[in-house]
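Okay, so the first sequence: first residue is 0 according to numbering that gives the first Met the number 0, each after it adds one. Here a beta-carbon is modelled for each residue, glycine too, at the ideal position from N, C-alpha and C. The structure displayed is predicted, hence computed values, not measured ones. The block underneath contains the structure these notes are about, expressed in structure tokens.
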Amino acid sequence: MREKIVTILNQIALILEIKGENAFKIRAYKNGSEIIENYGEDIVQIAHDGKLNELKGIGKALASKIEEIVKTGKLSYFDELKSEFPDSFFELFEIANLGPKKIKKLYEELQIDSIDKLEECCKNGEISKVSGFGKKSADSIIESILFRKNNSKFFRLGNIAPIAESILEFLRQLPQTSQAKIAGSYRRGKETVHDIDFIVATKLPNEIINEFTNMPEVSDVISKGKTKSSVRLKNGIQCDLRVVSNTEFPFALNYFTGSKAHNVRMRSLAIKNGYNLNEYALISKDKNNQKTINDESDLYEALGLSFIHPALREDQGEIEAAEISDLPKLVKIENLKGTFHNHTTDSDGKNSLDEMAKAASDLGLQYLGISDHSKSSVQANGLSDERLIKQIKEISQYNKTNKNDIKIFSGVECDILKDGSLDYEDSILSQLDYCVASVHSSFSLTEDEMTQRVIKAIESPYVTMIGHLTGRLLLLRKPYDINVSKIIDACAKNDTIIEINANPRRLDMDWRWWKTAKDKGVKCSINPDAHKIEHLQFLHFGVKIAQKGWLEPSDVVNCLPLDEITKLLKQKSTEQ
DNA sequence: GCCGTTTTCGGCCCGACTGTTTTCAGTCG
């Protein structure tokens, strides 16, 4: 439903652009679409309660439209607007360098209302009849169409992290570089990004830009100017470079880190304080009040704010919190003392218990939870009752040897069966230190059925935490229908932990929900879902997501040292 | 269409690059 609202509001904005409506009205719809997309609670519930216009940016008009969508599944205003255009029309906005003005022209003069027609008109040269479209435009449109066919628009954070970091390293070691950082949604730790933004401070911009466009990873140069350049890498992702002076660096870094909504707040705050803020400077209207800004924290301070961690810059209350120095002290990777969701060769992992234990110990962890698949996950070589009991004994033996100086907890990733029951009898589950319960089958239940199914598992005294709550695979598979808000309430009531599955394909539960969960007292466990030793590194992505969800070490159970986590797990098992 | 510590009207961020035309409009971030 959320997705539907987001799409409708967004498409209304596009149509209004075509119609040449007031730019601020268009912005209001785009804004509304983003607000709904990023809102951390149950938007359907809020709509039912008639509380939509309590959200900043959603006024009367948008609220009533969203309510109509929630109640009827459609919006008559939108249907009316849309009736003039075929569905395929909206594809045109996905073509790079084509915006509303050009699309309008193409539509009016050549009746282009789909990508197929657009491609045809570019190829047969007809497009040059329209003023403003030359050969270069036609070629670049054809190229964009081809790219869209071959690549999805977004990339997973985990997939591009290695190349992003290696390009950053390359830029940093250039003798002309004085500072370099990655900005954009990558820096904010978004789960998917559509480009990587680099900011470099130098006195020799031309040389930096030349080095950038000549990197071996580059497949083509999209643009190249005096202060900025864009390239496409061989793996398909776009990289943007901004070159600035040392003085401009903190402003450029801040501006291009965003988010857009955060920037708007920053700029209006600047105006309120008698400044003008842009990507190059903070200019005081009063010449005697010019501030010295050496880094981002100086900038925040100048605006009366404490430093806001990039992960929080989504205009989700961070500005208000920074004004009263009430920002969370975010969890960091070094706070993690152990982790729980990990597989071994006993089910579908690639490394043995001993290898996993050693790798975890090498990372400095004090404890490692082993949770292989349960028997219903036949495809993953799930453990039968006997094999699980055997593993429990092996782990107990292993702990006695104290090998690798790490404590192993005996767990299982237990399937939540279609009716919400668990994959083992209580007599087996009670022998474990903990249990991660996950859905691995029957994904297409209705929202109510799926929600009830998972709640039933949450209510089991043997379930310690819920694994990959929505089952989503980023850019591959949608989350299954589940009412996250109700799940959070059930977890709060039953003292059940929710995991952040740190596998970059999942990053589930979504960061947008964590603030709500935290406020309700639900604890988090950051788990790599490791199927081999290298996967333990996924914890880094999990921490980013936790940071985006405002989580502090005290919200994350695997920040507890060994003695305290042992106590917590025991407590849980004696409640039964 | 939204918003309000100048509050119900009047403002809402703006600079760089490209491709086209020939001084600028459109797009992007």
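Residue i versus the options, residue with shortest Cα-Cα distance
| i | options | result |
| --- | --- | --- |
| Pro327 | Leu335, Ala62, Arg312 and Thr338 | Arg312 |
| Gly303 | Asn293, Thr291 and Ile318 | Ile318 |
| Ala95 | Glu83, Lys70, Ser139 and Glu119 | Ser139 |
| His209 | Ile114, Glu533, Val242 and Arg186 | Residue identity differs from the one stated: residue 209 is Asn in this sequence, not His. Of the listed residues, the one whose Cα sits closest to Asn209 is Val242. |
| Leu232 | Phe92, Ile166 and Val263 | Ile166 |
| Glu9 | Ser32, Glu125, Lys519 and Arg1 | Before going on, a small fix: residue 9 reads as Asn here, not Glu. The residue with the shortest Cα to Cα distance from Asn9 is Ser32. |
| Ala590 | Gly72, Arg264 and Glu118 | The first residue shown for the chain is 0 and the last is 575, placing residue 590 beyond what the model contains. |
| Phe88 | Glu66, Asn245 and Ile114 | Ile114 |
| Ser437 | Arg147, Val220 and Met449 | Met449 |
| Arg1 | Lys70, Phe211 and Ile162 | Lys70 |
| Ala163 | Lys81, Val199, Cys238 and Glu53 | Cys238 |
| Phe197 | Arg171, Leu91 and Ile11 | Arg171 |
| Asp447 | Lys485, Gly368 and Thr201 | Lys485 |
| His342 | Arg452, Asp325, Gly363 and Val435 | Val435 |
| Arg471 | Asp480, Thr463 and Met464 | Asp480 |
| Ser524 | Gly368, Asp219, Phe153 and Val199 | Gly368 |
Residue i, DSSP secondary structure in three states
| i | result |
| --- | --- |
| Asp581 | An answer regarding residue 581 cannot be provided, because it is not within the stretch 0 to 575 covered by the chain. |
| Gln178 | strand |
| Tyr274 | strand |
| Arg1 | helix |
| Tyr479 | coil |
| Leu550 | coil |
| Leu382 | strand |
| Lys522 | coil |
| Gly368 | strand |
| Gln10 | helix |
| Phe250 | helix |
| Asp112 | coil |
| Ser218 | strand |
| Asp297 | helix |
| Cys238 | strand |
| Ser258 | coil |
| Asp509 | coil |
| Thr576 | Absent from the model: residue 576. The displayed extent of the chain is 0 to 575, so no value can be given. |
| Lys349 | coil |
| Asn500 | strand |
Residue environment, residue i, which counts as buried when at least 16 other CB atoms sit within 10 Å
| i | result |
| --- | --- |
| Gly466 | buried |
| Pro478 | buried |
| Val576 | No statement about residue 576 is possible, as the shown extent of the chain runs from 0 to 575 and does not include it. |
| Leu15 | buried |
| Lys259 | exposed |
| Pro576 | Since the first and last residues shown for the chain are 0 and 575, residue 576 lies out of range. |
| His372 | buried |
| Leu475 | exposed |
| Gln315 | buried |
| Gly419 | buried |
| Asn149 | exposed |
| Asn557 | buried |
| Asn482 | buried |
| Asp78 | exposed |
| His589 | Here the chain covers residues 0 to 575 and nothing more, so residue 589 does not appear. |
| Asp562 | exposed |
Neighbourhood of residue i by C-beta, 6 angstroms cutoff - its chain only, sequence neighbours within 5 removed
| i | result |
| --- | --- |
| Leu506 | Glu190 and Ile544 |
| Glu247 | Tyr279 |
| Asn380 | Ser346 and Asp347 |
| Lys104 | Val129 |
| Phe537 | Ala501, Asn502 and Pro527 |
| Pro85 | Asp112 |
| Ile394 | Ile407 and Ser409 |
| Ser441 | Lys417 |
| Pro577 | Outside the shown range of the chain (0 to 575) lies residue 577, about which nothing can therefore be said. |
| Glu36 | Val5 |
Same chain only: Cβ atoms within 7 angstroms of residue i, ignoring 5 sequence neighbours per side
| i | result |
| --- | --- |
| Ile282 | Tyr274 and Asn275 |
| Cys120 | Leu109, Ile111 and Ile126 |
| Trp510 | Ile544, Lys547 and Gly548 |
| Ile11 | Tyr28, Phe77 and Leu80 |
| Asn30 | Gly56 |
Close Cβ partners of residue i (< 8 angstroms) along its chain, the five nearest in sequence each way excluded
| i | result |
| --- | --- |
| Leu156 | Tyr185, Gly188, Lys189, Glu190, Thr191, Val192, Pro503, Leu506, Phe540 and Lys543 |
| Tyr423 | Ser373, Lys374, Asp384, Leu387, Val411 and Cys413 |
| Pro249 | Ile292, Asn293, Asp294, Glu295, Asp297 and Leu298 |
- Task: Assess, as a yes-or-no matter, whether the stretch 481–490 is touched by the stretch 449–465 under the definition of 3 or more beta carbon pairs within less than 8 angstroms.
- Result: yes
- Item | Three CB pairs or more closer than 8 angstroms across the stretch 304–324 and the stretch 273–289 | no
- Touch check for the stretch 38–46 and the stretch 21–29: three-plus C-beta pairs under 8 angstroms? no
- Query: Is it a yes or a no for the stretch 175–188 touching the stretch 132–142, going by three-plus beta-carbon pairs under 8 angstroms?
  - Reply: no
- Query: So does the stretch 519–535 actually touch the stretch 346–360, counting three or more Cβ pairs closer than 8 angstroms?
  - Reply: yes
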